[in-house]
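Chain order of the listed sequences is D and A. Just so you know, we're using my numbering here: the first sequence kicks off at 48 and counts up by one. Just so you know, we're using my numbering here: the second sequence kicks off at 277 and counts up by one. Idealized CB from N, CA, C, for every residue including glycine.
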Amino acid sequence: AQSVTQPDIHITVSEGASLELRCNYSYGATPYLFWYVQSPGQGLQLLLKYFSGDTLVQGIKGFEAEFKRSQSSFNLRKPSVHWSDAAEYFCAVARTGGGNKLTFGTGTQLKVEL
Amino acid sequence: DTAVSQTPKYLVTQMGNDKSIKCEQNLGHDTMYWYKQDSKKFLKIMFSYNNKELIINETVPNRFSPKSPDKAHLNLHINSLELGDSAVYFCASRPGGGPNEKLFFGSGTQLSVL
């Protein structure tokens, strides 16, 4: 079974600072990896995804993530954080077969100090 | 023109009652889901339907019964509500159900059982 670990429950950064949110996955085959963002009172929105090709993927809102198979990681980065980036961020992994279930990590809450 | 819409947005009810949450998507997607998000923000899949057929049924009490009258609708009925059912329930859809596909989420239904 696949699983996702997000080691950081809360992260606080200053506006304009760089950001890295960590994600480690466990899955026997090539993973399908995703980052979603949830603003307060809202559903989740896809930031980016990876399933093959270039291991550095670009997403919306200036986010990028790098897939590192050797480390089983898919960390999310942003060079300069804006106050509007404050939200909950979820890493997720999908498996093939069995309904292609998407399993989410426990989330990282990002706070941005002005 | 909301893509995935859920009603109601808030649901407050007493223990033992029966309630339903409705979900509709106007994206023409084949696959729909119900996720439960607990107070710690953990998202867990409950059910998935593809073209009205149940394809994922996680370990969920049988008090929870999904119903898909057509592929654009997936409703969730809950019998004999318990305190532990309090959570935010998200409906989601994706085009064909493939593992690399983006999930489109509704804005959630916050269920409070008193």
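**Message:** Check this for me: beta carbons of PHE121 of chain D and ALA112 of chain D, under 8 Å apart or not?
**Reply:** For the purposes of this step, residue 121 of chain D is identified with residue 74 of the first sequence, where counting begins at 1. For the purposes of this step, residue 112 of chain D is identified with residue 65 of the first sequence, where counting begins at 1. Yes, the Cβ-Cβ distance between PHE121 of chain D and ALA112 of chain D is below 8 Å.
**Message:** Using a Cβ-Cβ distance cut-off of 8 Å, determine whether ALA64 of chain D contacts chain A.
**Reply:** As a first step, residue 64 of chain D is located in the first sequence; it is residue number 17 there, counting from the start. Not an interface residue.
**Asked** If you run the structure through DSSP and keep just helix, strand and coil, what is LYS108 of chain D?
**Response** For the purposes of this step, residue 108 of chain D is taken as residue 61 along the first sequence, with counting starting at 1. Note: LYS108 of chain D maps to helix in three-state DSSP.
**Prompt:** Thinking just about the alpha-carbon of each residue, which of D:PHE114, D:SER131, D:PHE137, D:GLU67 is nearest to the one in ASP101 of chain D?
**Reply:** Indexing the first sequence from 1 puts residue 101 of chain D at position 54. With distances taken between Cα atoms, ASP101 of chain D lies closest to D:PHE114.
**Item:** Per-residue burial, PRO87 of chain D [other beta carbons within 10 Å of its own, 16 or more giving buried]
**Value:** Within the first sequence, the letter at position 40 stands for residue 87 of chain D. Exposed, because fewer than 16 other Cβ atoms sit within 10 Å of the Cβ of PRO87 of chain D.
**Sufficient close CB pairs (3 or more, under 8 Å) joining the stretch 331-351 of chain A to the stretch 295-313 of chain A** = Touching, yes.
**Item:** Contacting residues, own chain, Cβ-Cβ under 7 Å from HIS305 of chain A (five flanking each side not counted)
**Value:** Indexing the second sequence from 1 puts residue 305 of chain A at position 29. Excluding residues within five positions, the ones whose Cβ falls inside 7 Å are SER369, ARG370, PRO371.
**Prompt:** Roughly how many angstroms lie between the CA atoms of CYS70 of chain D and SER99 of chain D, to the nearest whole one?
**Reply:** As a working note, residue 70 of chain D is residue 23 in the first sequence. As a working note, residue 99 of chain D is residue 52 in the first sequence. So the alpha carbons of these two residues sit roughly 17 Å apart.
**Request:** Quickly, what does DSSP pair TYR311 of chain A with across the bridge? List them, please.
**Result:** Working through the second sequence from its first residue, we reach residue 311 of chain A at position 35. Here TYR311 of chain A is bridged, per DSSP, to A:ILE321, A:PHE366.
**Asked** If you draw a straight line from the C-alpha of THR335 of chain A to the C-alpha of ILE107 of chain D, how long is it?
**Response** Numbered from 1 along the second sequence, position 59 holds the residue referred to as residue 335 of chain A. Numbered from 1 along the first sequence, position 60 holds the residue referred to as residue 107 of chain D. One C-alpha to the other measures close to 34 Å.
**Request:** Please classify ILE274 of chain A: is it buried, with 16 or more other beta-carbons within 10 angstroms of its beta-carbon, or exposed?
**Result:** Past the edges of chain A, shown from 277 to 390, lies residue 274 of chain A, and the structure says nothing about it.
**Request:** Compute the distance between the beta-carbons of ILE297 of chain A and LYS148 of chain D, then report whether it is under 8 Å.
**Result:** Residue mapping note: residue 297 of chain A aligns to position 21 of the second sequence, counting from 1. Residue mapping note: residue 148 of chain D aligns to position 101 of the first sequence, counting from 1. Their beta carbons are not under 8 Å apart, which means ILE297 of chain A does not touch LYS148 of chain D by this criterion.
**Item:** Selected residue, minimal CA-CA separation from ARG124 of chain D, among D:SER50, D:LEU80, D:GLU67, D:TYR72
**Value:** For the purposes of this step, residue 124 of chain D is taken as the residue at position 77 of the first sequence. Comparing Cα positions, the closest option is D:GLU67.
**Message:** For the beta strand (DSSP E) containing GLU160 of chain D, name the first residue and the last one.
**Reply:** As a working note, residue 160 of chain D is residue 113 in the first sequence. For GLU160 of chain D, the uninterrupted beta strand (DSSP E) segment begins and ends at 155-160.
**Asked** Which of the residues in the stretch 318-332 of chain A, read from start to end, lie with their CB under 9 Å from any CB of chain D?
**Response** Identification of residues in the stretch 318-332 of chain A having a C-beta nearer than 9 Å to some C-beta of chain D yields PHE318, LEU319, LYS320, ILE321, SER324, ASN326, ILE331, ILE332, given in sequence order.
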